[in-house]
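Offset between the sequence shown (1-based) and the working numbering: plus 49.
For glycine and all other residues, C-beta sits at the position ideal for the given N, C-alpha and C.
The structure presented is a predicted model; accordingly, all values stated were derived computationally and were not measured.
Here is the structure we will look at, set down as structure tokens.
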Amino acid sequence: KNSFFLKHCPAEEHFHCSICLDVFTEPVSTPCGHNYCKSCIRGYWDSTDLCQCPLCKNTPVEATPITRDKPSPNLEQCHVKSVLRRNHKTHKTVPIDEEIGERKAQMGKTSGKVHKMIQERLKKFKEIKQAVELNKRHTERVVADCVQVFTALVRSIERSQAEHIGVVEEKQKAAEKQTEGLIEELEHEITELQRRSTELEQLSDIEDHHHLQSSPSLCNTVPPTKNWSEIIFHTGLDAGDVRRAVSQPEETLNKEMEKFSEIKWKGMQQCAMDVTLL
50 KNSFFLKHCP AEEHFHCSIC LDVFTEPVST PCGHNYCKSC IRGYWDSTDL CQCPLCKNTP
110 VEATPITRDK PSPNLEQCHV KSVLRRNHKT HKTVPIDEEI GERKAQMGKT SGKVHKMIQE
170 RLKKFKEIKQ AVELNKRHTE RVVADCVQVF TALVRSIERS QAEHIGVVEE KQKAAEKQTE
230 GLIEELEHEI TELQRRSTEL EQLSDIEDHH HLQSSPSLCN TVPPTKNWSE IIFHTGLDAG
290 DVRRAVSQPE ETLNKEMEKF SEIKWKGMQQ CAMDVTLL
């Protein structure tokens with residue numbers, strides 16, 4: 050609108066009097082359409098015999114005052130109609146009120162779509178938040194189950210360890226007790242053998258043949274002893290035996306742990322899939 054009025058606004062020279070070349074003072078217009086200051090045109094006519102226009106030399110009857118332009122209440126509509134007649138003769142036109150109504154209706158539809166999209170996304174946001182919360186609680190349960198299972202396993206292992214250690218220690222005590230008896234028996238035999246050795250040494254130093262003949266048992270016999278070659282001493286439990294004793298529970302434990310991990314992993318995958326499908 051502003052560019053239109055700037056384009057069609059009268060040039061600055063149109064506000065200047067052609068006689069005094071200054072801005073109009075009480076402007077008047079001649080019938081031929083030229084404008085002058087009232088005093089300038091009167092003075093010009095007083096100096097000549099004919100009341101004619103100084104520019105086109107037409108003889109006017111009189112000079113009439115120029116009225117100021119008043120803004121038209123429907124100037125914008127007139128301008129629109131003028132532009133339409135001049136530049137848009139072949140275009141289809143509609144009344145401005147109808148166009149505004151259509152635009153508002155279209156904006157209403159768009160606003161409805163946007164509102165629907167907002168509601169859908171708010172719903173999806175709520176669903177995702179709920180899924181995340183469910184996943185969090187599920188993870189907490191899995192962690193609690195893991196702690197419980199592993200705690201029970203550790204206690205079972207510790208209990209089994211204590212039992213095996215107890216068995217080993219009991220066997221060690223029994224072996225020590227048996228060894229102590231054998232040691233006492235060996236010490237007794239050694240003492241008897243040493244005593245007999247001493248007696249034989251003493252007899253060998255005696256030159257009395259009569260005395261030697263009277264003690265034939267000392268010369269030909271030894272004290273009764275045990276056949277120690279049949280006695281086998283074990284150094285204790287072999288570490289391999291302990292490992293073999295523990296290997297079966299260990300294999301069972303590993304299988305159970307694999308089953309437990311597989312079940313929990315499937316649960317975590319299902320929960321993650323639920324979140325993804327949302």
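Buried/exposed call for residue i, threshold 16 Cβ in 10 Å
{"i": "P76", "result": "buried"}
{"i": "I149", "result": "exposed"}
{"i": "T79", "result": "buried"}
{"i": "C102", "result": "buried"}
Where residue i sits in the DSSP three-state scheme
{"i": "S67", "result": "coil"}
{"i": "S78", "result": "strand"}
{"i": "E307", "result": "helix"}
{"i": "C89", "result": "helix"}
{"i": "V72", "result": "strand"}
{"i": "N276", "result": "coil"}
{"i": "N184", "result": "helix"}
Close Cβ partners of residue i (< 6 Å) along its chain, the five nearest in sequence each way excluded
{"i": "K87", "result": "E75, V77"}
{"i": "T274", "result": "E238"}
Residue nearest to residue i in terms of C-alpha spacing, selected from the options
{"i": "P272", "options": "N84, E248, I280, T228", "result": "E248"}
{"i": "T200", "options": "M306, G161, K173, I239", "result": "M306"}
{"i": "N303", "options": "L202, Q179, V181, E225", "result": "L202"}
{"i": "W277", "options": "E236, Q221, S246", "result": "E236"}
{"i": "I281", "options": "T228, R170, V72", "result": "T228"}
{"i": "I68", "options": "G92, C81, Q197", "result": "G92"}
{"i": "T301", "options": "S246, K222, E234, I206", "result": "I206"}
beta-carbon residue i near the ligand GTP non-hydrogen atom, thresh 6 Å
{"i": "V217", "result": "Of ligands this structure carries none, so the ligand GTP is not represented either."}
Nearest-angstrom beta carbon gap, residue j and residue i [assumed within contact, 8 Å]
{"i": "C8", "j": "C89", "result": "Residue 8 lies beyond the residue range present for the chain, which begins at 50 and ends at 327; the question has no answer from this structure."}
Nonlocal neighbours in the same chain, by C-beta distance under 7 Å from residue i, ignoring five residues either side
{"i": "R244", "result": "none"}
{"i": "V72", "result": "F64, H65"}
{"i": "C81", "result": "C102, C105, N107, P109"}
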